[in-house]
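Read in order, the letters of the sequence shown correspond to residues 398 to 690 in the numbering used here. Beta carbons are placed, not taken as given, at the ideal position from N, Cα and C, and that holds for glycine.
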Amino acid sequence: MALDEIQERLPRALEQAEGGEEEDPFRQLLSREIAHVNNLLRRIAETLQDLEVALEGLGRLTRSLDAVIESMCLDSVPREWAAVAWPSCRPLGAWFNDLVARCEMLEEWRKRGRLPAVLWLGGLSYPQSLPAAVLLHHALANNLPLHQVSLQTEVTRKLPEDCREDDVGPGGKPEVLVHGLFLENARWEARTGRLEDLLPAHTPAEMPAIILRGQAHVQVDGSAKDVSAVGAASSPFLSPAPAKTSNLFPCPVYRTQARGTEFVFHLTLKSFDGEGKWVEAGAAMVLDAFTPS
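Written as structure tokens, this is what we have:
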């Protein structure tokens, strides 16, 4: 990717979110996301300026700048940019396109002053913060301690482009529609609403829009029990614990196909088979299933 192309397409720093309640978890999430992206944009702009000066012979070409040039020639993300960005397996060109799309998503969210009808989960620098914000919003709205709230997930039958603002959240309920999750090593059958075996030559496919909602516990015999029947977790970062006889799979969600330490949260899926089958198959969802064209 050429230097002048990056300079021309680099987004301007985003304005911080204004209005709304200071304690609103979603507003705090947006502010944090904008601050993170602005820090990255500032780092890129400073690097490009230093490069331009050095290439014109008006400044010194340091080792770090030389490393940036080498990375750009190899279509890889310069290390000093990646250090303040997010985990990614993309080459530089696709990574930069992803950066531009993230900025557009955050700017639209800021201008609206409220969550989009369906939120691109993979477009967040801190995607694990969204389930946490859903839980906190539910706890604050219902005057509940946070440990008495769990996360419930539900896969809809709608594609992201078919979602409307009144699909979830009527009456201010803490529900959020998300998209941009890609299922690997399993197949989602929309007709039955369950996991099924892969078909030949199947590639990771984007899931339909998914609802994240907070769910309160009720006290039974002195212990907290979830009032929902399906899809609840004790926290957004821990696996739900379906009964061994149930056909529920706590599907792990990772940022990229590298998986490893890039875990985000668990999302409960229905299945015709037990949990063990999908664990052995390595079924999981990723937020960035980039495949070179």
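Drop a sphere of 10 angstroms on the beta-carbon of residue 413, count the other beta-carbons inside from all chains shown, and report buried for 16 or more, exposed for fewer. The residue in question, residue 413, is exposed, as its Cβ has fewer than 16 Cβ neighbours within 10 Å.
- prompt: What residue ranges within the region 640-686 form continuous beta strand (DSSP E) runs of no fewer than 3 residues, ordered along the chain?
  reply: You should have 645-653, 660-667, 681-685.
Keeping to the same chain, check which residues put their C-beta closer than 7 Å to that of residue 491; ignore five residues upstream and five downstream. If we look at residue 491 and ignore the five residues flanking it on each side, its Cβ neighbours are 687.
Cβ shell of residue 596 (< 8 Å), same chain only, five flanking positions each side left out: Here the set comprises 584.
Q: Identify the continuous beta strand (DSSP E) that holds residue 548 and give its terminal residues.
A: In the DSSP assignment, residue 548 falls within the beta strand (DSSP E) that extends over 546-552.
For this session: Tell whether a beta-carbon distance below 8 Å holds between residue 527 and residue 427.
Result: No, Cβ-Cβ distance for residue 527 and residue 427 is not below 8 Å.
When you compare the region 478-497 with the region 438-447, are there three or more beta-carbon pairs, one atom per stretch, that lie closer than 8 Å? The region 478-497, when compared against the region 438-447, does touch it at the 8 Å Cβ threshold.
Outcome for residue 547 when other beta-carbon atoms lying within 10 angstroms are tallied against a minimum of 16: Buried: at least 16 other Cβ atoms inside 10 Å.
Q. Going along the chain, which residues of its own chain have a beta-carbon closer than 8 Å to the beta-carbon of residue 461, five neighbours each way excluded?
A. Excluding positions up to five away in sequence, the list reads 477.
Practice task
Hey, could you find the ends of the beta strand (DSSP E) residue 595 is sitting in?
Solution key: Counting along the chain, residue 595 sits inside no beta strand (DSSP E), nor does DSSP assign it H or E at all.
**Prompt:** For residue 619, which three-state DSSP category applies?
**Reply:** Any reading at residue 619 needs caution, since the residue's pLDDT is 47, under 50, leaving its predicted position unreliable; the model's value is listed next. It is coil, neither helix nor strand.
So is residue 457 buried or exposed if we call it buried at 16+ other beta carbons inside 10 Å? Counting C-beta atoms within 10 angstroms of its own C-beta, residue 457 has fewer than 16 neighbours from the protein chains shown and is therefore classed as exposed.
Quick one: what's residue 512 bridged to in DSSP? Under DSSP, residue 512 takes part in no beta bridge, so it has no partner.
Just to confirm my understanding: we take residue 415, look at its own chain, exclude 5 residues before and 5 after, and list those with CB closer than 7 Å. What are they?
None.
Notebook entry, point to check: Sorry if obvious, but does the Cβ on residue 543 come closer than 7 Å to a heavy atom of the ligand ZN?
Noted result: Annotation note on the ligand ZN: not contained in the displayed structure, which lists no ligands.
Next on the checklist: On the criterion of 16 or more Cβ atoms from any shown chain inside 10 Å, does residue 611 qualify as buried, or is it exposed?
Outcome noted: Under this definition residue 611 is a buried residue.
Q | Straight-line Cα distance separating residue 575 from residue 697 | A | Beyond the ends of the chain as shown, which are 398 and 690, falls residue 697; an answer cannot be given.
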